[in-house]
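> One structure, as structure tokens, below. Some questions next.
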Amino acid sequence: DPVDQTVLANEQVIEGRGWRTGALVEKREIPMYFFRITAYADELLAALDQLPNWPEQVKLMQKNWIGKSEGVRLGFPYSLDGKAQTLWVFTTRADTLLGATFCAVAAEHPIATFSAKRDPKIAAFVEECKKGAVMEAELAQIEKKGMPTGVFVTHPLTGDKLPVWVANYVLMGYGEGAVMAVPAHDERDFEFASKYGLPIKPVIRHPLGDTVPAPWKAEYAEYGTLINSGQHDGLNYQQAVDAIAADLGKKGLGEKQVQWRLRDWGISRQRYWGCPVPIVHCPSCGDVPVPDDQLPVRLPENLVPDGTGNPLNKLPEFVNTQCPSCGRAAKRETDTMDTFVDSSWYFARFCCPDQNQAMVDERADYWMPVDQYIGGIEHAILHLLYSRFFQRAMSEETGRMQGIKEPFSRLLTQGMVLAESYYTDASGRREWVNPADVTVERDAKGKIVSAKRTADGTAVVYDGIGTMSKSKNNGVDPQKLIDQYGADTARFYTMFASPPTNTLEWSDESVEGSFRFLKNVWDYAYRFSRAQCKDSLDRKVRFQIHSELKKANDDIERQKFNTVASACMKILNALDDLEEWDATSREGLAILLRLLSPIAPHLTHHLWRGLKFGEDIMKEKWPEPDPAALEQDEIELVVQVNGKLRGSIKVPKAADRAAIEELARANPNVQRFVAGQNVKKVVVVPGRLVNLVV
RNA sequence: GCGAGGGUGGCGGAAUUGGUAGACGCACCAGCCUUAGGAGCUGGCGCCGCGAGGCAUGUGGGUUCGAGUCCCACCCUUCGCACCA
């Protein structure tokens, strides 16, 4: 969906720093390619509710990213060069309209452009804004600056003249590229108005009162009753929005509107890697799509990037081509697609990798959606949202996967694995040194005080802790663990170290414990194979084993695999406590091996077969706890006095409240703490504790 | 700055979701065994205290018979912020 744009065009700002500042694109018409993800904003938002097996955290982030906000689009009339115009703004706080004391527009807004032509100072400021930060994170931190444009607009309800400023905190890409400023009830407007001495008019009664003295307080922005608003005084937020929208509607100067934070997805990249955009630019036919029988457009492989601009532009044999429509000389598009494009549908493509006539075929209908998707939490928004968009677009455009709206049924987002990073800048350029090659010195609190490269003792700079990445050369290679301990130990340790959703500072210092455990399993199985087992069952050990199994099965459901690994360890410890070999040993070992099999498949497979428990452990039924083994006729209760632990009692399973209370009072240590005081209240929590309040 | 996570012993982490804080491991300490130990076994191991006991889950408040868990404020930290360069 190519959209022609000009860097200086007013209607639609081009996002991205390369566009604004790069000499490459200055003053040139640029075809830029977008995917219309905004057309799906509503659906992508609504469908989040139908993803029960996605983490709430991820759904919330997507919701905020899509950013649906309901408000009012309203107009401030003005005249420019004698022509009647309207400055449109979007606001979610129409209730504060009577408090608007000025308007602010983005540097790309027509009013800014108009004023820039008349006033070189404004032109300079507008240029400065355009060259400045465009990334949200940078934008939020820059100092708020502005200049009056000299243009005045009319307040749609009061008829007051309000000045229009151009301000660097107004984004052309959101809403109308212009805002009404209500300094009394908006933090940014407050800051701006305070700085430039613009009037601040309170129109909402907030929890701190009716005035808004500096400094800014969050309460000023709260919903409240209208004041200083003429006929609207006394209305609450919703009543005020409705009334004001109605007033504006009558004048044709406003209506309720839904705005989205989500923007269309600009996919053009001036990079070598990425799929070429299959368009040919013909002087007579315009932009012509490359016909199906000439697809795919292949990237040249004889190219040496020199670090400036898009290297594809420097390859005439790639650029020069014929127009597919008229056959005359034409230029091939050299933009390539964002790599997120590829990652948005590879999973569907994996269903039919040898299909060479279409994106996907009927095999995708069968396999999709992906049952369980696993990826890092860093993909919570972009990759996962683009994929959800692509899935919808693919079913509409290819006729495949009808009715499959969502690509991933279940989602597990791993935490990031973090590591320290170090660099030297001896050569003037940062050279990243792998943590494995660095020796560190720490203070008593474990903070790094100095670090050197182990090989030659040169000092290196500690750059803090963060995600493992190629660019910072701070990755660790699991192959070392596999070579030293074997794949089962490496797997077991990885599972045991922390729950998969946690961020983890990698350390393999404690891997020995996992190795020891697996050796002990092997050893236990060996001894079992040579033992004569009695037929008897040990009730206590059986209870422990089946309790652990029950918990472990719950934990698998909750995707907490570290406690499953520790349950395996506890089961082996319980088995080791058995005085003699009996039926409990056999049952417990069979449970242990199956529970352990996904974590240490090689070892358990071998033992299962070696013990003649069966052929293939992967095909065995998953172990379930025996309810009979979980029965207990006596339970232990904790006794507290004033919430502090003072003792414990054993009570029959069926004991009633009165009996429990009596036993609790009879406990000698409890008596010591109750002695001579009134028991005002007794709290009995069945199966847990008794608390005597004195 | 905004959005979403996280903060519990020397370390990784556990805590049945408001009910015995520190499971299971690592490291450490003591003892046993051994010609030897970077093997194995037994025991100990949050902090203060001889002890009874007291204090402890980032900080400060609050709710509750009872708070790691709920509420308010703050601090630190990780991920994302639209081109992973």
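Quick note: the first sequence uses the working numbering, first residue -5, plus one each step. All C-beta atoms, glycine included, are put in the ideal place defined by N, C-alpha and C.
Tell whether a beta-carbon distance below 8 Å holds between isoleucine 198 and threonine 90.
If you number the first sequence from 1, residue 198 lands on position 204. If you number the first sequence from 1, residue 90 lands on position 96. Contact: yes.
> Nearest CA to the CA of valine 676: which residue from Gln351, Asn636, Ser642?
By 1-based counting over the first sequence, the position of residue 676 is 682. The residue with the shortest Cα to Cα distance from valine 676 is Asn636.
> My assumption, with CB atoms under 8 Å, is that asparagine 162 sits in contact with alanine 101. Please give the rounded CB distance.
Mapped onto the first sequence, residue 162 falls at position 168. Mapped onto the first sequence, residue 101 falls at position 107. Asparagine 162 to alanine 101, Cβ: 7 Å. Contact.
> Taking 8 Å as the cut-off, decide whether the C-beta atoms of alanine 172 and isoleucine 194 are in contact.
Against the first sequence, residue 172 aligns to sequence position 178. Against the first sequence, residue 194 aligns to sequence position 200. No, the pair does not count as a contact, with Cβ atoms beyond the cut-off.
> Considering serine 415, what are the terminal residues of the beta strand (DSSP E) in which it resides?
Taking the first sequence and counting its residues from 1, the one referred to as residue 415 is at position 421. First-last of the beta strand (DSSP E) with serine 415: 411 to 418.
> In the DSSP assignment, the alpha helix (DSSP H) including methionine 563 goes from what residue to what residue?
Here residue 563 refers to the residue found at position 569 when the first sequence is read from its first residue. Note, methionine 563: alpha helix (DSSP H), 555 to 570.
> Please report the distance separating the alpha-carbon of glycine 469 from that of isoleucine 459.
In the first sequence, residue 469 corresponds to position 475, counting from 1. In the first sequence, residue 459 corresponds to position 465, counting from 1. The straight-line gap from Cα to Cα measures roughly 12 Å.
> Looking at the structure shown, is glutamate 630 part of a helix, part of a strand, or coil, going by DSSP?
Indexing the first sequence from 1 puts residue 630 at position 636. In this structure, glutamate 630 counts as strand in the three-state DSSP scheme.
> Using only the alpha-carbon positions, how far apart do phenylalanine 186 and valine 443 sit?
Working through the first sequence from its first residue, we reach residue 186 at position 192. Working through the first sequence from its first residue, we reach residue 443 at position 449. C-alpha separation (whole angstroms): 43 Å.
> What does the alpha-carbon distance come out to for the pair isoleucine 8 and isoleucine 371?
Along the first sequence, read from residue 1 onward, the residue named residue 8 stands at position 14. Along the first sequence, read from residue 1 onward, the residue named residue 371 stands at position 377. Low confidence applies to isoleucine 8: its pLDDT is 36, below 50, so where it sits in the model is not reliable enough to give any reading.
> How far does the alpha helix (DSSP H) with valine 678 in it reach, from first residue to last?
What you label residue 678 is simply residue 684 of the first sequence in a count that begins at 1. That residue, valine 678, is in no alpha helix (DSSP H); its beta strand (DSSP E) goes 675 to 679.
> Can you tell me whether isoleucine 261 is helix, strand or coil according to DSSP?
To locate residue 261, count along the first sequence from 1; it is residue 267. Note: isoleucine 261 maps to coil in three-state DSSP.
> Where do the ends of the beta strand (DSSP E) carrying serine 403 lie?
The count along the first sequence starts at 1 and reaches residue 403 at position 409. Taken as a continuous stretch (DSSP letters only), the beta strand (DSSP E) holding serine 403 covers 402 to 408.
> Kindly indicate which three-state DSSP category asparagine 663 falls into: helix, strand or coil?
Working through the first sequence from its first residue, we reach residue 663 at position 669. Reduced to three states, the DSSP call for asparagine 663 is helix.
> Answer yes if the stretch 305 to 319 comes into contact with the stretch 275 to 290, meaning at least three C-beta pairs across the two stretches below 8 Å, and no otherwise.
Counting Cβ pairs under 8 Å, three or more are found: they touch.
> Confirm, please, whether the CB-CB distance from threonine 333 to tryptophan 746 is below 8 Å.
Coverage of the chain is limited to positions -5 through 688, which leaves residue 746 absent and any answer about it impossible.
> Helix, strand or coil, according to DSSP, for lysine 606 in the structure here?
Mapped onto the first sequence, residue 606 falls at position 612. Lysine 606: coil per DSSP, three-state reduction.
> Could you spell out the range, first to last residue, of the alpha helix (DSSP H) harbouring arginine 682?
Counting from one through the first sequence, the residue named residue 682 turns up at place 688. Premise fails: arginine 682 is in no alpha helix (DSSP H) and is neither H nor E.
> What first and last residue would you give for the beta strand (DSSP E) that runs through threonine 148?
Position 154 of the first sequence, counted from the start, is the residue given in the question as residue 148. Note, threonine 148: beta strand (DSSP E), 140 to 148.
> Are the stretch 46 to 65 and the stretch 142 to 154 touching by the rule of at least three beta carbon pairs closer than 8 Å?
Counting Cβ pairs under 8 Å, fewer than three are found: no touch.
> Please list, in chain order, all residues of the same chain as leucine 297 whose beta carbon is under 7 Å from its beta carbon, the five residues on each side excluded.
Within the first sequence, residue 297 is the residue found at index 303, counting from 1. Closer than 7 Å at Cβ, skipping near neighbours: Tyr266, Pro305, Leu309.
> What do you get for valine 633, buried or exposed, if any count of 16 or more other CB atoms within 10 angstroms of its CB means buried?
Mapped onto the first sequence, residue 633 falls at position 639. That one is buried.
> Ignoring anything shorter than 4 residues or poking outside the stretch 111 to 135, list the alpha helix (DSSP H) runs there in chain order.
Whole alpha helix (DSSP H) segments, 4+ residues: 114 to 125, 130 to 135.
> Reducing DSSP to helix, strand and coil, say where tryptophan 59 ends up.
In the first sequence, the residue the question calls residue 59 occupies position 65. Here tryptophan 59 sits in helix by DSSP.
> Contact between the stretch 225 to 233 and the stretch 350 to 360: three or more CB pairs below 8 Å?
Not touching, per the Cβ criterion.
> Could you please give me the residues that DSSP links to asparagine 314 through a beta bridge?
The residue you call residue 314 lines up with position 320 of the first sequence. Asparagine 314 is bridged to Lys325.
> Compare the C-alpha of aspartate 75 against each of Trp59, Pro49, Phe108, Gly393 and name the closest.
Numbered from its first residue, the first sequence carries residue 75 at position 81. Comparing Cα-Cα distances from aspartate 75 to each of Trp59, Pro49, Phe108, Gly393, the minimum goes to Phe108.
> I'd like the span of the beta strand (DSSP E) that includes alanine 649, first residue to last.
Here residue 649 corresponds to residue number 655 of the first sequence, with the count starting at 1. Per DSSP, alanine 649 belongs to no beta strand (DSSP E) and is neither H nor E.
> Tell me which same chain residues have a C-beta within less than 7 Å of the C-beta of proline 142, skipping the five on either side of it?
Along the first sequence, one-based indexing puts residue 142 at 148. Closer than 7 Å at Cβ, skipping near neighbours: Pro157, Trp159.
> Please report the distance separating the alpha-carbon of tryptophan 339 from that of phenylalanine 384.
For the purposes of this step, residue 339 is identified with residue 345 of the first sequence, where counting begins at 1. For the purposes of this step, residue 384 is identified with residue 390 of the first sequence, where counting begins at 1. Cα-Cα distance, rounded: 7 Å.
> Which value, in whole angstroms, describes the spacing of the CA atoms of asparagine 672 and asparagine 685?
For this step, residue 672 is matched to residue 678 along the first sequence. For this step, residue 685 is matched to residue 691 along the first sequence. Near 14 Å, if we compare the C-alpha coordinates of asparagine 685 and asparagine 672.
> Please classify valine 427: is it buried, with 16 or more other beta-carbons within 10 angstroms of its beta-carbon, or exposed?
Residue numbering aside, residue 427 sits at position 433 when the first sequence is read from its first letter. Answer is buried; the Cβ neighbour count reaches 16.
> To the nearest angstrom, report how far apart valine 535 and alanine 568 are at their CA atoms.
The residue you call residue 535 lines up with position 541 of the first sequence. The residue you call residue 568 lines up with position 574 of the first sequence. One C-alpha to the other measures close to 6 Å.
> Quick check on the burial criterion: 16 or more other C-beta atoms within 10 angstroms. Buried or exposed for lysine 606?
Numbered from 1 along the first sequence, position 612 holds the residue referred to as residue 606. Lysine 606 should be labelled exposed.
> Methionine 388 by DSSP, collapsed to three states: which one?
Indexing the first sequence from 1 puts residue 388 at position 394. Here methionine 388 sits in helix by DSSP.
> Is it a yes or a no for the stretch 571 to 586 touching the stretch 517 to 529, going by three-plus beta-carbon pairs under 8 Å?
Verdict: yes, contact present.
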